[in-house]
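Below: the structure, in C-alpha cells.
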Amino acid sequence: MTVAQHPFLNQLLKSRILSPARIQQFADSLDIDSETNSVDIAMAAVKSKLISRYQAEEILNGRGRHLTVDNYSLVDILGYGGMGTVYIARHQQTGQFVAVKLLGELTKHDIGIRTRFQLEARAGMKLDHPKLVKTFQLGTLEALYGETEYMVMELVQGVTLLEGISFSSGPLKHDAACDVICQAAEGLQYLHDQGMVHRDVKPDNILIEVNGNAKLLDFGLTLADEAAFDEEFSLAMIFGHDCLGTADFIPPEQSLDSLKVDPRADMYSLGCTLYTALTAKRPFPGLSRVDTVKAHRNQPRPRIEKYNPKISKDLSDLVERMMAIDPEDRPATMTEVISLLEPYRKRRNWTFEFNQVLQQRRELRRKYISESRARSGQSHRTTEVNSPQETETPGKKKVTGDRPLEDFES
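Position 185 of the sequence shown, counted from 1, bears residue number 185 in the UniProt record's numbering, the numbering being contiguous throughout.
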C-alpha cells in the first residue's frame, strides 16, 4: 500500500519530518493495510527509532504539520514557560541537534512579547563565551494569522540548577554550588564586559551538564547596547519598566526602575541564586509577589545558617554581601566574587538521566496545559504512545535519585 492510503502514514508524510521514500520503506517493512490501528503503527515507528515518541503523539493528535520549522524537525520538548516552548530539534540536512524556541499560540502575535523575543535573540547572537548558551539564528515563520519568529540555540543536555536542587532532596553540597555559581559569574563577567546586564539571573537560567559544566541562558531581559536600549525604552513607555525580572531574585533597584541598573544588579541575583542552592529555599519564601519584592527592598538579609548550619560564617557573610540592599556594598565585579568563592568551590559530576528529565518536563507541561484549559472551560483529550523505546536523543546519561520537579521546597 502507498503511505497516502493510511491516515497515520499520510499525516507523517504531511509533517515533512521524513522523506516520502523513507516513510514508504517503513510501510513496506510492516504487514499493514489501511485498517491497521494508527497507534500500533506509531508505536512501531517509535520502536524502530524512525520518529520520537513526542513526534508520534503530535501526529496522532493532528498536530504533525507543526513538527517542521524551516529546515528543522522538532524531536522533543526541552522546556516551556509562559512565553512559549523550547524544543530539541534536528537539522534535516546536517543532522545537527539544536534547541529551537517558539512563541506560544497566545503570545506569538503579541507585539510586546515578539519585540522582547527579538531582543533576546539579537543579544544572544552577539555573545560567544563557553559559559553562555550560544544563539545561532533568529528566523521568521509564516503562520496562519501572520509572521512569527523562532530562535535556534545551542543544545545543552543538562538540568537547570533548580532541577538539580530538587533532585538532591535539599541543599547542594557547598563546593558544587560554589563551582556552579563561579561558572555563571564567568559568563556574567563576559556579558558585563560587552556592556550588557542580564537582569534575570536565577536557578532556572543556569544549566548544568553531567560533568559539572555550567552555562547561563535566557537573555530575554538583557539590557544591551544603545540600539537595543531604544527598543527597550519604547517597550517601557508602552508596558511600564518597573519590576522587570523574577520576584524571588530581583535586586531592589531593578524593582524600582529596570532601565537604571548596572552589573551589580546581576551580582544581587547571583547571590540570591547561591543562597537558594545552599539552603534549598528562596530568600523570602511564602510571600506574595508584591511582598517578596518589598522584602528584597527593605527586609534584613536572611542568614544561611538558619537552614544550613554546615555553611561557614565566612561563606554566609559573602552571600549576604552579594545580596546587599545598597549596590555599593556588593562585590564590585564578577571577577572579584569568583576570587572570593575560589576556596570553597570544587567541580563535581552530576547524576541524572537526560531522557528522564525530558519525561518529567513533558509531564509537567501536560499538567500545565490541562490546568490552563480547565480554568478556561475547555475540554481536551490526547492520544499518547506508551513505549519504553525512544528515538535518538543525543547522549543518554545515568541518573540516581530523581524527584518530581514540583517537589522543590519554597
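All residues carry an ideal CB built from backbone N, CA and C; glycine is no exception. Just so we're clear, the structure is a prediction, and the values are computed from it rather than from any experiment.
CA-to-CA distance, residue j to residue i, given in whole angstroms
i: H109; j: I369; result: 19 Å
i: R199; j: S15; result: 38 Å
i: E409; j: G286; result: Residue confidence for E409 is low, a pLDDT of 33 falling below 50, so the modelled location carries little weight and cannot support an answer.
i: A123; j: L138; result: 11 Å
i: A227; j: D179; result: Reliability of the predicted coordinates at A227 is poor, the pLDDT of 46 falling under 50, and no value is obtained from them.
i: R362; j: M322; result: 35 Å
i: G158; j: F284; result: 27 Å
i: M196; j: T36; result: 57 Å
i: D70; j: L172; result: 41 Å
i: L161; j: S34; result: 48 Å
i: F167; j: H129; result: 28 Å
i: L9; j: Q92; result: 19 Å
i: L207; j: E142; result: 31 Å
i: F352; j: Q360; result: 12 Å
i: D326; j: E253; result: 8 Å
i: F117; j: F249; result: 21 Å
i: I88; j: Q24; result: 25 Å
i: V86; j: G79; result: 5 Å
i: R22; j: R264; result: 55 Å
i: I77; j: I17; result: 16 Å
i: E320; j: N205; result: 21 Å
i: A214; j: F354; result: 15 Å
i: A374; j: R366; result: 12 Å
i: E328; j: G104; result: 40 Å
i: G81; j: Y275; result: 24 Å
i: K260; j: E371; result: 37 Å
i: I32; j: T292; result: 60 Å
Contact under 7 Å by Cβ, residue i with residue j
i: V152; j: V75; result: no
i: R289; j: A324; result: no
i: D73; j: R90; result: In the sequence under discussion, the amino acid at residue 73 is Ser, which differs from the Asp named in the question. Yes, the Cβ-Cβ distance between S73 and R90 is below 7 Å.
i: E163; j: V133; result: no
i: D266; j: L188; result: yes
i: T273; j: P331; result: no
i: L278; j: I311; result: yes
i: L217; j: Y150; result: no
i: S269; j: V201; result: yes
i: E58; j: L67; result: yes
i: V156; j: W350; result: no
i: E120; j: F219; result: yes
i: R42; j: L13; result: For the record, residue 42 in the displayed sequence is Ala; it is not Arg. Going by C-beta atoms, A42 is not nearer than 7 Å to L13.
Residues that DSSP places opposite residue i in a beta bridge
i: Y72; result: V69, H91
i: L315; result: BP columns for L315 are empty, so no partner.
i: V159; result: I208
i: L102; result: T85, Y150
i: A265; result: According to DSSP, which records beta bridges pairwise, A265 is partnered with nothing at all.
i: I77; result: Y87
i: E142; result: E147
i: A214; result: I208
i: L132; result: L216
Exposure of residue i, with buried meaning 16 or more beta-carbon neighbours within 10 Å
i: V3; result: buried
i: K313; result: exposed
i: A177; result: buried
i: P309; result: exposed
i: E147; result: exposed
i: I165; result: buried
i: G64; result: buried
i: R301; result: buried
i: I111; result: exposed
i: Q11; result: buried
i: P251; result: buried
i: P20; result: exposed
i: K346; result: exposed
i: I238; result: Reliability fails at I238, whose pLDDT of 37 lies under 50, so the model's placement of it is uncertain and the value that follows must be treated cautiously. Result: exposed.
i: T94; result: exposed
i: T140; result: exposed
i: A295; result: buried
i: K306; result: exposed
i: E186; result: buried
i: Q5; result: exposed
i: G271; result: buried
Cβ-Cβ separation, residue j to residue i (assumed contact under 8 Å), whole Å
i: R348; j: G212; result: 5 Å
i: residue 411; j: C182; result: As displayed, the chain neither begins before 1 nor continues past 410, which places residue 411 out of reach and without an answer.
i: K131; j: A184; result: 7 Å
i: L364; j: Y344; result: That pair is no contact at about 32 Å.
i: M334; j: H174; result: The Cβ separation is near 19 Å, so there is no contact.
i: S255; j: R297; result: 7 Å
i: T107; j: M83; result: 5 Å
i: P7; j: S38; result: 6 Å
i: K126; j: Q194; result: 7 Å
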